[in-house]
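As you go down the protein sequences, you meet chains E and F in turn. Heads up: the first sequence begins at 39 in our numbering, then just goes up one per residue. Heads up: the second sequence begins at 973 in our numbering, then just goes up one per residue. Built from N, CA and C at the ideal position, the CB exists for glycine as well. Below: one structure, written as structure tokens.
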Amino acid sequence: MKRIVKSRELLVLALLVAMILAVSTVNAAVLRPITLINIVNSSLFLMLIAIGQMFVVLTRGIDVSVGAIAGLAAVIFGLALNAGFPLPLAMLAALVTGLACGSFNAAGIVVFGVPPIIMTLGALGAYRGLMRVLTGGSWIESIPQSIKSLAVTRYQSVPLMVWAIAVLVVVLAVLLSRIKSVRNFYAVGDNREGAYLLGINVRATEFTAYALAGLFSGAAAIVFTGQIGFVPMQTGSGQELKAIAAVVLGGVGLMGGTGSIWSAVIGALFLTAIDSMMIFLKVPGSWNNAVAGAVLLAVVVFDYLIRRTVRNRQLAMRAAEMHRAEEDHDRALQPREAAR
Amino acid sequence: MKAASLLRTWEFMLAVVLVLELIVLGLINPSFLNVENLLFSTSDFAHVIIAAVGLTLIIMTGGIDISGVSVMGLASIVLGLAFIAGAPIGLAAAIALAVGIAAGAFNGAVIASTDVNPLIVTLATLFLYAGIATGLPTLLDMLGFVAYGAGGFEAYQYEGITGLPKSFTWIGSGRIGWVPMPLVVVLVFAAVATFLMLRTRFGRYLKLIGVSPAVAHFTGVPIRRTLVAVYAINGFTAAVAGLVLTAYLGSARSDLGSEALLSIITAVVLGGSSIYGGEGSVLGTLLAGFVIGFMRQGLLALGITSDVVPVIIGGLLVGSVALRIGLAKLNTRLANRAAFAAERMAVGGNGASLSNGDPH
Chain E
39 MKRIVKSREL LVLALLVAMI LAVSTVNAAV LRPITLINIV NSSLFLMLIA
89 IGQMFVVLTR GIDVSVGAIA GLAAVIFGLA LNAGFPLPLA MLAALVTGLA
139 CGSFNAAGIV VFGVPPIIMT LGALGAYRGL MRVLTGGSWI ESIPQSIKSL
189 AVTRYQSVPL MVWAIAVLVV VLAVLLSRIK SVRNFYAVGD NREGAYLLGI
239 NVRATEFTAY ALAGLFSGAA AIVFTGQIGF VPMQTGSGQE LKAIAAVVLG
289 GVGLMGGTGS IWSAVIGALF LTAIDSMMIF LKVPGSWNNA VAGAVLLAVV
339 VFDYLIRRTV RNRQLAMRAA EMHRAEEDHD RALQPREAAR
Chain F
973 MKAASLLRTW EFMLAVVLVL ELIVLGLINP SFLNVENLLF STSDFAHVII
1023 AAVGLTLIIM TGGIDISGVS VMGLASIVLG LAFIAGAPIG LAAAIALAVG
1073 IAAGAFNGAV IASTDVNPLI VTLATLFLYA GIATGLPTLL DMLGFVAYGA
1123 GGFEAYQYEG ITGLPKSFTW IGSGRIGWVP MPLVVVLVFA AVATFLMLRT
1173 RFGRYLKLIG VSPAVAHFTG VPIRRTLVAV YAINGFTAAV AGLVLTAYLG
1223 SARSDLGSEA LLSIITAVVL GGSSIYGGEG SVLGTLLAGF VIGFMRQGLL
1273 ALGITSDVVP VIIGGLLVGS VALRIGLAKL NTRLANRAAF AAERMAVGGN
1323 GASLSNGDPH
């Protein structure tokens, strides 16, 4: 069981490599380094909100507002820049916006007990509306183009933005594996009552998860704006669903308690790669959503089949063990009965 | 007992809210209270209520289906394409409805035969059906179907398929007496769904599954069959909603109804259905649908931009759920206190026997 779960990220990674190789037999241009770099580059936004989403799904929750949070944070970021704030302060504003939105969700869910899907769906509408209210429905375009420097400047032909996120991901991965309280997310998701009885602060853990989802959405907003240099009204629209798809694809179990940051990273890469592969296979772009949906469906059903097989095997093993124990017991009794 | 009586009045509360809302809107703008205007403005949100009625049945079982909004678009574009390809409008509508039922039944089949969260299954099919709806015109082009018009089928993707016959658009813009057709469809669906829910074994099964799938299983409820059926019904209602909207707007589009998701779920939840299943009524959904719909109309009439409307609807959704949860908590507390008082009476005011047990 453990081995399979542990290798789930590797399995999806292998699938990703296999897919790229398969497409390369049709169109060899896929294997050019610049193509691969571009795939990574365009997956950054999804990757960040997926990492945030991961914390929530780990605790067996769900957050469908992350895309809207990213949109709202992007608007704040753009407005702050246009108002003449220095870049670091504007970035801080975007992050704080994300954190505030996430905490608002968390308050409704943890403090008032509103079901996560209802709370975040309501918030989705609210944040999207707020975005339009703040901008009057028009795009934010006159942002100083210097913010694109991170996305445009390349080191070893890889954009600095990609390097930055790569470092961030590695640091996060190390941190997450070192900090003991990170295990709380897993414990709460796996068994809420059990975690409570172990003395884990369940409510604080859940609150943190939604707040982190917001924070990472804010970070994603900075990346997005940095990459394209303006803020369209559709920023982040539909991305919440893709973020959920990405983490599930990467092996974060919806029943909570399994998965890691690599799940989010690989899931996001996979989903972005699919879009690129469609282009190389000359499939019209209008089919992208259908393919993403089919892949998500296939993965969750496949995941169910794996889990069922594992569980059946465990049950069979336990049954065999009980059977053996019974036999041992009988055998132990026999000499005594014979003596009687 | 107390909870039951409170539940029974949730619809009553909604009716009161609806009347108050109409009065307030009427005071601000008297022309709003013109009966003909009022009836006809329901055509703007009839599709939301139709889809919400189907979703009510699903939420009753503790499930959810967010792919309905995609089925609306899918049904719409299928109808349009079938019509353009030369099918008579009746046949085209039948094909569209069949596609809706198939899409719903597919959701149900996956949900019933795996333990995957319905939200995730229908999230995947939300993408899948929306993708098929947008991709279908190009697929037909690629398969070499004869398309009318220079751009092929793909051109219809952006402008929608217009020129639907009068006999079809009548469903969207016609009326029987004073009542516009979309409202007639809404009322028929609400009546049939109420009958299903309250007067048939199927309705009992839905509630039983929602209360406890395990108990339902051991009681001999055919869970799989019931789930597939209820998701198929929701596919059907979503398709009908899509067709009514198509008829109302007079053009078939693949992205029809995609913004309705928030309103649909809000209508169901505000209508008193518990997202955890086992609780809810079609009447509540119907009333809540009107409350939301008229509120939207009223806000727009007051000059509030349509951007703010989702903020208010989202707030309504969260607020109504928080209110219900608060009421339920208050209720439990009151019941506990009553039970405690009753126990005290039973032991003759002698607190000694209670000191061992935990009164809460």
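Coarse secondary structure for residue i, derived from DSSP in three states
| i | result |
| --- | --- |
| F/Asn1328 | In this prediction, F/Asn1328 has a pLDDT of 49, which is less than 50 and means its spatial position is unreliable; what the coordinates show is noted afterwards. Of the three classes helix, strand and coil, the one that applies to F/Asn1328 here is coil, per DSSP. |
| E/Asn182 | In the sequence on display, residue 182 of chain E carries Pro and not Asn. Coil at E/Pro182, not helix or strand. |
| F/Val1280 | coil |
| F/Ile1133 | strand |
| F/Val1088 | coil |
| F/Ala1232 | coil |
| F/Met973 | At F/Met973, the pLDDT of 45 sits below 50, so the modelled position is not reliable; the number obtained from the coordinates is stated separately. Three-state result, F/Met973: coil. |
| F/Phe1174 | helix |
| E/Asn143 | helix |
| E/Met39 | With a pLDDT of 45 at E/Met39, under the threshold of 50, the modelled position of that residue is not reliable, and the figure given next carries that caveat. Three-state DSSP puts E/Met39 in coil, outside helix and strand. |
| E/Ser255 | helix |
| F/Asn1006 | coil |
| E/Thr246 | helix |
| E/Ala211 | helix |
| E/Ser62 | helix |
| F/Asp1037 | coil |
| E/Arg362 | helix |
| F/Asn1001 | coil |
| E/Ser219 | helix |
| E/Leu335 | helix |
| E/Asn350 | helix |
| F/Thr981 | coil |
| E/Asn239 | coil |
| E/Asp368 | helix |
| E/Val321 | coil |
| F/Pro1060 | coil |
Identified DSSP bridge partners for residue i
| i | result |
| --- | --- |
| F/Pro1152 | F/Arg1147 |
| E/Asn269 | This sequence places Val at residue 269 of chain E; Asn is not what is there. BP columns for E/Val269 point to E/Ile178. |
| E/Tyr193 | E/Val196 |
| F/Ala1224 | F/Ile1133 |
Within-8 Å CB hit, residue i to chain C
| i | result |
| --- | --- |
| E/Trp177 | In the structure shown, chain C does not exist; the protein chains are E and F. |
Residue span of the alpha helix (DSSP H) that contains residue i, given as start and end
| i | result |
| --- | --- |
| E/Met293 | No alpha helix (DSSP H) holds E/Met293; DSSP gives it neither H nor E. |
| E/Trp325 | Neither: E/Trp325 is in no alpha helix (DSSP H) and is coded neither H nor E. |
| F/Tyr1248 | No alpha helix (DSSP H) holds F/Tyr1248; DSSP gives it neither H nor E. |
| F/Gly1026 | 1018 to 1032 |
| F/Val1187 | 1185 to 1191 |
| E/Ala121 | First-last for E/Ala121: undefined, no H or E at that position. |
| E/Thr173 | 154 to 173 |
| F/Leu1274 | No alpha helix (DSSP H) contains F/Leu1274, which DSSP labels as neither H nor E. |
| E/Val280 | Reading off the sequence shown, one finds Lys at residue 280 of chain E, where the question assumed Val. Looking at the DSSP string, the run of the alpha helix (DSSP H) that includes E/Lys280 is 277 to 287. |
| E/Ala75 | Looking at the sequence shown, residue 75 of chain E is not Ala but Ile. 71 to 96 is the extent of the alpha helix (DSSP H) around E/Ile75. |
| E/Val303 | 299 to 318 |
| E/Leu235 | 230 to 235 |
*Pull out every residue of the region 145 to 158 of chain E whose Cβ sits closer than 9 Å to any Cβ of chain F, in chain order.*
From the region 145 to 158 of chain E, only Gly146, Phe150, Gly151, Val152, Pro153, Ile155, Ile156, Met157 have a Cβ closer than 9 Å to chain F.
*Examine the Cβ distances between the region 166 to 173 of chain E and the region 109 to 128 of chain E and report whether three or more of them are shorter than 8 Å.*
With the cut-off at 8 Å, the region 166 to 173 of chain E and the region 109 to 128 of chain E touch.
_Which residues of the region 1266 to 1279 of chain F have a Cβ closer than 9 Å to any Cβ of chain E? Give them in chain order._
The residues in question are Thr1277, Ser1278, Asp1279.
*Okay, do the region 263 to 283 of chain E and the region 63 to 76 of chain E touch, 3+ Cβ pairs below 8 Å being the bar?*
With the cut-off at 8 Å, the region 263 to 283 of chain E and the region 63 to 76 of chain E do not touch.
_Residues of the region 1054 to 1084 of chain F in Cβ contact with chain E at a cutoff of 7 Å, in chain order, please._
Cβ contacts with chain E: Val1082.
*Using a beta-carbon distance cut-off of less than 7 Å, what residues from the region 1226 to 1250 of chain F approach chain E?*
Residues of the region 1226 to 1250 of chain F with a Cβ closer than 7 Å to any Cβ of chain E, in chain order: Leu1234, Ile1237, Val1241, Ile1247.
_Measuring CB atoms only, is the region 78 to 90 of chain E touching the region 302 to 320 of chain E, in the sense that at least three cross pairs come out at less than 8 Å?_
By the Cβ rule, the region 78 to 90 of chain E counts as touching the region 302 to 320 of chain E, because three or more pairs are nearer than 8 Å.
*According to a CB-to-CB cut-off of less than 7 Å, which residues of the region 334 to 350 of chain E neighbour chain F?*
The region 334 to 350 of chain E vs chain F, Cβ under 7 Å: Leu334, Leu335, Val338, Val339, Tyr342.
_Residues of the region 278 to 292 of chain E in Cβ contact with chain F at a cutoff of 9 Å, in chain order, please._
Listed in chain order, the positions of the region 278 to 292 of chain E with a beta carbon within less than 9 Å of a beta carbon of chain F are Leu279, Lys280, Ile282, Ala283, Val286, Leu292.
*Hey, is the region 1222 to 1231 of chain F in contact with the region 1045 to 1061 of chain F, meaning 3+ C-beta pairs nearer than 8 Å?*
Yes, since at least three Cβ pairs between the region 1222 to 1231 of chain F and the region 1045 to 1061 of chain F fall closer than 8 Å, the two stretches touch.
_Along the region 1293 to 1304 of chain F, where does the CB come closer than 9 Å to a CB of chain E? Name the residues._
Listed by position along the chain: Val1293, Ala1294, Ile1297, Gly1298, Lys1301.
*Are the region 1138 to 1152 of chain F and the region 1233 to 1248 of chain F touching by the rule of at least three beta carbon pairs closer than 8 Å?*
Judged by Cβ distances under 8 Å, the region 1138 to 1152 of chain F makes no contact with the region 1233 to 1248 of chain F, as fewer than three pairs qualify.
*Counting pairs of beta carbons, one from the region 277 to 297 of chain E and one from the region 147 to 156 of chain E, are three or more of them closer than 8 Å?*
No, because fewer than three Cβ pairs between the region 277 to 297 of chain E and the region 147 to 156 of chain E fall closer than 8 Å, the two stretches do not touch.
*So does the region 114 to 129 of chain E actually touch the region 176 to 189 of chain E, counting three or more Cβ pairs closer than 8 Å?*
Contact between the region 114 to 129 of chain E and the region 176 to 189 of chain E is present, with at least three C-beta pairs closer than 8 Å.
*asked:* To be precise: take each residue of the region 226 to 241 of chain E, compare its Cβ to all Cβ atoms of chain F, and keep it if any distance is under 9 Å. Which residues remain?
replied: Taking 9 Å as the Cβ-Cβ cut-off against chain F, none of the residues of the region 226 to 241 of chain E qualify.
_Validate contact between the region 327 to 336 of chain E and the region 1088 to 1108 of chain F using beta carbons, cut 8 Å, 3 pairs_ = Touching, yes, given that three or more Cβ pairs across the two stretches are closer than 8 Å.
*For the region 1088 to 1103 of chain F, enumerate the residues whose C-beta is nearer than 8 Å to any C-beta of chain E, in chain order.*
Correct list: Val1088, Asn1089, Leu1091, Ile1092, Val1093, Leu1095, Ala1096, Thr1097, Leu1098, Phe1099, Leu1100, Tyr1101, Ala1102, Gly1103.
_Inter-stretch contact at 8 Å, needing at least 3 Cβ pairs: the region 1053 to 1060 of chain F / the region 1179 to 1199 of chain F_ = Segments in contact, no.
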